[in-house]
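Trainee:
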Amino acid sequence: MFKQRIAFLSLSIFSIGILFAIGSIFALILVNGLSVLNWNFLISITSFDFKGVPHGGIGPAIAGTFMVTGLGLVFAVPVGILAGIYLSEYRSKGKIFNVLRMMVANLAGVPSVVHGLFGLAVFAVLFKFGLSILSSALTLSILALPIIIMTTENAMRDVPNDLREASYSLGAKKWQSALLVVFPVAASKIMTGVILASARIAGETAPILFTGATLYLAHYPTAINQQFMALPYMIYGLMTTSINISASTHFAYGIALVLITLIALMNIAIVIFRSKTRKNS
Amino acid sequence: MDVDLKIENLSVYFGQKQILDSISFEIPARSITAIIGPSGCGKSTFLRTINRMNDRFDDFSHKGSIIFDDKDILSNDYPVEELRKKIGMVFQKPNPFPKSIYENVVFGLKIHGVKERKILDETVKSSLESASLYDQVKDRLSMNAYKLSGGQQQRLCIARALAIKPKILLLDEPTSAIDPLATKQIEEVLEQISKEITILIVTHNIQQAARIADYIAFFYMGKLVEFGKAEKILNAPNEKLTDDYLTGMYG
Amino acid sequence: MKNIIDRVISVSGWVSIAIIVAITFFLFYNWIPLFKTASPIEFFFGTLWYPTAIPPFYGILPLLDATIWISFLTILITFPSAFVLAIFITHVAPKRLRYFLKIFLEIFSSVPSVILGLIGLSIVAPYFQNVFNMDTGQNILNAAIMLSLITIPMPTSMMEDFISAFSPEQKEGAQALGANEFETLTKVVIPGLKGPFASIAMLSLGRIFGETMIVLMVAGNAAIFPSSIFQPARVLSSTIAAEMGETPVNTPHFYALFGIGAVLFAMTFLINLVGEVIRIRYERQMMKG
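Protein chains in written order, with this note's numbering: chain A, 526 to 806; chain B, 26 to 276; chain C, 918 to 1206.
1. So is B:G89 in contact with chain A if we call contact Cβ pairs under 9 Å?
2. Where does A:V572 sit, in a helix, a strand or coil, going by DSSP?
3. Since A:V639 meets chain C, which of its residues come closer than 9 Å, beta carbon to beta carbon?
4. Strictly under 9 Å for the Cβ-Cβ distance: is A:G589 near chain B by that measure?
5. Using the rule of at least 16 other Cβ atoms within 10 Å of the residue's Cβ for burial, across every protein chain shown, is A:M628 buried or exposed?
6. Taking A:N631 as the query, report the chain E residues whose CB atoms sit under 9 Å from its CB, ordered along the chain.
7. Is B:Q277 helix, strand or coil by DSSP?
8. Ignore the nearest five residues each way along the sequence and tell me which others in B:D84's own chain have a CB closer than 6 Å to its CB.
9. In whole angstroms, what separates the C-alpha of A:L688 from that of B:L153?
10. Quick one: residues in its chain with C-beta nearer than 7 Å to the C-beta of B:L108, no 5 flanking neighbours on either side, listed in chain order?
11. Buried or exposed, going by whether 16 or more other CB atoms sit within 10 Å of the CB of C:S1144?
12. My output table needs one value for B:S36: the three-state DSSP class, helix, strand or coil.
13. Which residues in the same chain as B:R11 place their Cβ atom closer than 7 Å to its Cβ, once the five residues preceding and following it in sequence are excluded?
14. For A:P821, which three-state DSSP category applies?
15. Below 9 Å on C-beta distance, what does B:R109 contact in chain A?
16. With contact counted as at least three CB pairs below 8 Å, one residue from each stretch, are the stretch 634–651 of chain A and the stretch 1184–1194 of chain C in contact?
17. Label B:G276 either buried or exposed according to how many other C-beta atoms from any shown protein chain fall within 10 Å of its C-beta, with 16 as the threshold for buried.
18. Please report how far the alpha carbon of B:S225 lies from the alpha carbon of B:I203, in whole angstroms.
19. In chain C, which residues lie with their C-beta within 8 Å of the C-beta of A:Q529?
20. CB C:P1165 to CB C:Y975, shorter than 9 Å?
21. List the residues that DSSP assigns as beta-bridge partners of B:I112.
22. Is it true that the CB of A:A691 sits closer than 9 Å to the CB of B:F82?
23. So what does B:A59 bridge to, in DSSP terms?
24. Just to confirm the assignment: which complete alpha helix (DSSP H) runs, minimum length 4, are found wholly within the stretch 624–693 of chain A?
25. Can you list, in chain order, the residues of its chain with a C-beta nearer than 8 Å to that of B:G176? Leave out the 5 residues immediately preceding and following it.
26. Take the Cβ of B:Y270 as the centre, count every other Cβ of all protein chains shown within 10 Å, and call the residue buried at 16 or more, exposed below.
27. Following the continuous beta strand (DSSP E) through B:K172, name the residue where it begins and the one where it ends.
28. Beta-carbon within less than 7 Å of A:I795's beta-carbon, same chain only, minus the 5 sequence neighbours each way: which residues are those?
29. Which residues share a DSSP beta bridge with B:K248?
30. Could you name each continuous alpha helix (DSSP H) segment of 4 residues or more that falls completely within the stretch 538–565 of chain A, going from the start of the chain to the end?
31. Closest to B:R73 by C-alpha separation, out of A:S694, A:G779, A:P757, would be which residue?
32. Tell me B:G253's beta-bridge partners as DSSP assigns them.
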């Protein structure tokens, strides 16, 4: 009895310590980043003076992150949803299904820097897209793919079977049942997966490191065949290549706050979507 | 008697397990045939074999044939979507789509390529009327079908099945999950539509069979024990098995 | 019934296999040319990684060694922490707090690793240097700590799922014999979850091997055999990230970096496979029992 008390108590102390450490990360970003944040910061172009102090803002980086994430989703979402539909409606069991499922899980476990290598070799060099938003977006889409596939498959599977039976009994073909009956019911959950994927790829640095991201552009990105600035890369670049560490660090915290806020907003959207699905069912 | 469906020596297996054994009989057109028998004797499987809903199970296999319009509908050559246009099904638990009432009824038409608004509108009206539902919902066709009561949902499912103008309608215990008042409404609907459409209904409820069936088939342990006119089966069955079952049910 | 839509859907279903095959192919395709100028022995067993020297050295052993140091230290911190946290969430925390904690951890798991790198660099490193008088704050320990923080949420939530879903019958059986909550936990639930926990450990290890940015920013820049956790080090993943930017395409250095990528890919693939196999074997065992 006493032993149990001690055990759970020490457990709790340790756990609270861990949670505190995790929570302090948020606090640190907030505290250090807030002082940098203002409207000017969000929309201005970045510049560096000869002392290495960054000036202006991160407008192009925000735009770059949006563009490359959006384009990445354009590639990943249609393919990912169709693949998820395949796994739940067309080939939902058996040996081949197990292999396909395992491959999706393995794709999810590939290190992001390996994705970067693949993107460099295939999109930038082989397809000759060069260092560009396009190359980076394609690379990021491969990262997003397993997330969307798995969410879609699970969402479709959750739809009760009697709806499919009704559809088949009226003479619908498989794709008609899948797209016109099951998919609409699964749509909210699938949307959750899409937002999850976008939150993930917005924060990734390694895949865009050598496929198109650059530290300094004198203007907003205008075309997808150009290099671009991105929020996560900017943090990395500022902290590792700058001449003036303290000024750069200060700036970097502002960027970190913006990035975290963006991702937090996406997470909130997910929670909203999740409660919406609960209401519908 | 005009015959719609000819069952010839039909045996059905799931893997090694045999569910139906050499079923042979003919289903008369434009009448109500009730299939009765104890649970687990293969009635539902039989129904689902007719419109090939069992095809989706990998271990399903069959012997024998079912002849409809001079063709064996169980053969792989017969396109299953065409079959289901002509033979419709209503399930035990009402399963309307989470769409509007209108969209539910026109679903079958749309997937078979019908697009013209006028035809869709007319079919919605006539199908809902046949299912005795039109008056209750005519002002709220865009309402989500889930908001209807259980009995209304089932009648919607009937309307949805009727919309593609099938020749035969299969019903698998359609009123077992419905309250008695709604049950009566559905039985009246079936009696009305059986003037144009052949009805094959599986039911646990002997009184229901007595009320609406023109013909009765008694299934026991996967075999067809007896088939004949309703009055005959109910009052003077040939087989002792049938008699035992009926007296058992009546108490 | 094979029409266009069916075909499109079917092809999409195979896209994940196609990509894995493609990744494997292109990694090797851009690695093999290295062996025109350096031998495989040199690559796998060379003790010096110095591609910019003349002559260049392409030995990955120091990088491999550093990877093992950091991963091992990280798992040492992560696994027990996740374990303790999972038990806290399932057995100690009141119900309301539980929901909040799960969401808290879920939100944290979406924090980009580069941000943890930022904190490791700007706060932990100076702290190590000033307060603990380490030679440099950018070292293995720093990386392991930050890596642990970002890794902890995943195994915590997985363990929490397993612990709360553990067979209530077995728990009741233990309680009927007089075991209290803690004893039931340690003598029945945990031993019963050996399989899933092993697979969770594998999955976490896979994630740790693949992590790049934290180690890149926080573990310093020395591609040497580490002698202590207070020294800097370079792992496989961070080497690629650090050097690829300045490496011209189709040079031996380029090929060597792809080689590291191939090794990294193979390692994580294998670990994930082992994790999956353990998971499936455990599931089968659960089905029987």
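Glycine included, C-beta positions come from ideal geometry on N, C-alpha and C.
Mentor: Concretely, from the data shown:
1. Chain A has no Cβ within less than 9 Å of the Cβ of B:G89.
2. This sequence places Ser at residue 572 of chain A; Val is not what is there. A:S572 falls in the strand class under three-state DSSP.
3. The answer, in chain order, is I940, L944, G1127, S1154, I1157, G1178, A1179, L1181, F1182, T1185.
4. no
5. When all chains shown are included, A:M628 counts as buried.
6. No chain E appears in this structure, whose protein chains are A, B and C.
7. Past the edges of chain B, shown from 26 to 276, lies residue 277 of chain B, and the structure says nothing about it.
8. F39, G40
9. 20 Å
10. By the criterion of a C-beta distance shorter than 7 Å, B:L108 is surrounded in its chain by N76, R77, I98, once the five residues flanking it on both sides are discounted.
11. exposed
12. strand
13. Residue 11 of chain B lies beyond the range of chain B shown here (26 to 276); nothing can be said about it.
14. Residue 821 of chain A falls outside the range modelled here, since chain A spans only 526 to 806, and no answer is possible.
15. Think of a sphere of 9 Å around the beta carbon of B:R109: the chain A residues whose beta carbon falls inside it are Y693, S694, L695, G696, A697, in chain order.
16. yes
17. Since pLDDT at B:G276 reaches only 38, below the 50 mark, its modelled position is unreliable, and no value is offered.
18. Checking the sequence, you will find Leu at residue 225 of chain B rather than Ser. One C-alpha to the other measures close to 19 Å.
19. Counting only Cβ-Cβ distances below 8 Å, A:Q529 has contacts in chain C at N1097, E1098, F1099, E1100, in chain order.
20. Inclusion of C:P1165 and C:Y975 in the CB contact set at 9 Å is not warranted, their separation being larger than that value.
21. As computed with DSSP, B:I112 is found in a beta bridge with B:I193.
22. no
23. B:I226, B:I241
24. Whole alpha helix (DSSP H) segments, 4+ residues: 637–644, 658–683.
25. I203, D204, L206, A207, T208, Q210, I211
26. buried
27. No beta strand (DSSP E) holds B:K172; DSSP gives it neither H nor E.
28. T717, I720, L721
29. Per DSSP, B:Y245.
30. none
31. A:S694
32. B:I241
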